[in-house]
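Engineer: Numbered according to full-length UniProt numbering, the sequence shown spans residues 1 to 251.
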Amino acid sequence: MTTSSNAVAIVPCSSFTCLCRSASKLYGEVKVSGLGFGVERAFVRVSNPCCSRRTHVATLRYRLNAIDTRIVENAQTTATATVEIPVSCYQIIGVPNQAEKDEIVKSVMDLKRAEIEEGYTMDAFMSRQDVLMDVRDKLLFEPEYAGNIRENIPPKPSLKIQWAWLPAALCLLQEVGEEKLVLDIGRAALQHPNAKPYAHDFLLSMALAECAIAKVAFEKNNVSQGFEALARAQCLLRSKVSLGNMPLLSQ
């Protein structure tokens, strides 16, 4: 993946590594079928599910922070830096590549009106609206991003955005059920110095993604996989000192 002089390309790690060295100790602590996270000082209060699969919500007390991966850097400051993520515009809004324009507009408007999970910063909330409008315009007016099914032209498989928009992009990907992308991109982003101001929101999206994975595992009666995902979610929370005492609450 190439980058401009002010761009950063995220290269997701190929393997997952938990940030906590004692995940095995967490298995007995959690008894849930679906989780989300709240915050005492939330800017936006909501009751929406963790993800598109309607994962239910339990509450925590503070915000979140943590992640892990590789990034190629060419940026000077966080304010001017951009980042290229391996995600199409279609994936950001949760529609297939062959979606018609009216379906694209409807999905964007539905996401724009939706209440987001409690705990994200106000910056992430506001940037989420910007990302949605940017993706909508790219799909409607820029053939490079939209592709052309009839002419067998695939959509552009990556998206370049401001670093300040990356938390919002992960928030949206988590909402539409792209848990693996959230975890891969999040781990990559946290290894970069530009990530520090946004670590809270990165970690929140990653923890919610792990909870969504756990929910699906429990629904399929894969109990051990469910507890492993919950343990990883706790690791993400405990990797930040300010989050160290936050338990995952039973539903």
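Beta carbons: idealized from backbone N, C-alpha and C, even for Gly.
Applying the 10 Å Cβ sphere with the 16-neighbour rule, what's the burial state of T82?
Structural biologist: Along the sequence shown, one-based indexing puts residue 82 at 82. It is buried - the Cβ of T82 has at least 16 other Cβ atoms within 10 Å.
Engineer: Just to confirm my understanding: we take V44, look at its own chain, exclude 5 residues before and 5 after, and list those with CB closer than 6 angstroms. What are they?
Structural biologist: Residue mapping note: residue 44 aligns to position 44 of the sequence shown, counting from 1. The predicted position of V44 is uncertain, since its pLDDT is 34 and thus under 50; no value can be drawn from it.
Engineer: Would you mind reading off the limits of the beta strand (DSSP E) that contains V176?
Structural biologist: The sequence position of residue 176 within the sequence shown is 176, counting from 1. Counting along the chain, V176 falls outside any beta strand (DSSP E), and DSSP gives it neither H nor E.
Engineer: Following the continuous beta strand (DSSP E) through V131, name the residue where it begins and the one where it ends.
Structural biologist: For the purposes of this step, residue 131 is taken as the residue at position 131 of the sequence shown. No beta strand (DSSP E) holds V131; the alpha helix (DSSP H) holding it covers 122-141.
Engineer: Report the option in L170, V135, A169, E175 whose CA atom is closest to the CA atom of K156.
Structural biologist: Translated into positions along the sequence shown, residue 156 becomes position 156. Nearest of L170, V135, A169, E175 to K156, Cα basis: V135.
Engineer: Does K138 pass the burial test, meaning 16 or more other C-beta atoms within 10 Å, or should it be called exposed?
Structural biologist: In the sequence shown, residue 138 corresponds to position 138, counting from 1. Per the 10 Å Cβ criterion, buried.
Engineer: Note down, in chain order, each residue of its chain lying with its Cβ closer than 6 angstroms to the Cβ of E144, except the 5 sequence neighbours on either side.
Structural biologist: Here residue 144 corresponds to residue number 144 of the sequence shown, with the count starting at 1. Taking C-beta separations shorter than 6 angstroms and ignoring five residues to either side along the sequence, the partners of E144 in its chain run K156, following chain order.
Engineer: Under a Cβ-count criterion, where at least 16 other Cβ atoms within 10 Å of its own Cβ denotes burial, should S224 be classed as buried or exposed?
Structural biologist: Looking up residue 224 in the sequence shown gives position 224. By the neighbour-count rule (16 or more Cβ atoms within 10 Å), S224 is not buried but exposed.
Engineer: If you draw a straight line from the C-alpha of Q234 to the C-alpha of P154, how long is it?
Structural biologist: If you number the sequence shown from 1, residue 234 lands on position 234. If you number the sequence shown from 1, residue 154 lands on position 154. Their Cα atoms are separated by approximately 38 angstroms.
Engineer: Please state the DSSP three-state secondary structure of I116.
Structural biologist: As a first step, residue 116 must be located in the sequence shown, where it is residue number 116. It is coil, neither helix nor strand.
Engineer: What first and last residue would you give for the beta strand (DSSP E) that runs through K196?
Structural biologist: Indexing the sequence shown from 1 puts residue 196 at position 196. No beta strand (DSSP E) contains K196, which DSSP labels as neither H nor E.
Engineer: Quick one: Cα of A164 to Cα of E151, how far?
Structural biologist: What you label residue 164 is simply residue 164 of the sequence shown in a count that begins at 1. What you label residue 151 is simply residue 151 of the sequence shown in a count that begins at 1. A164 and E151: Cα-Cα distance of roughly 35 angstroms.
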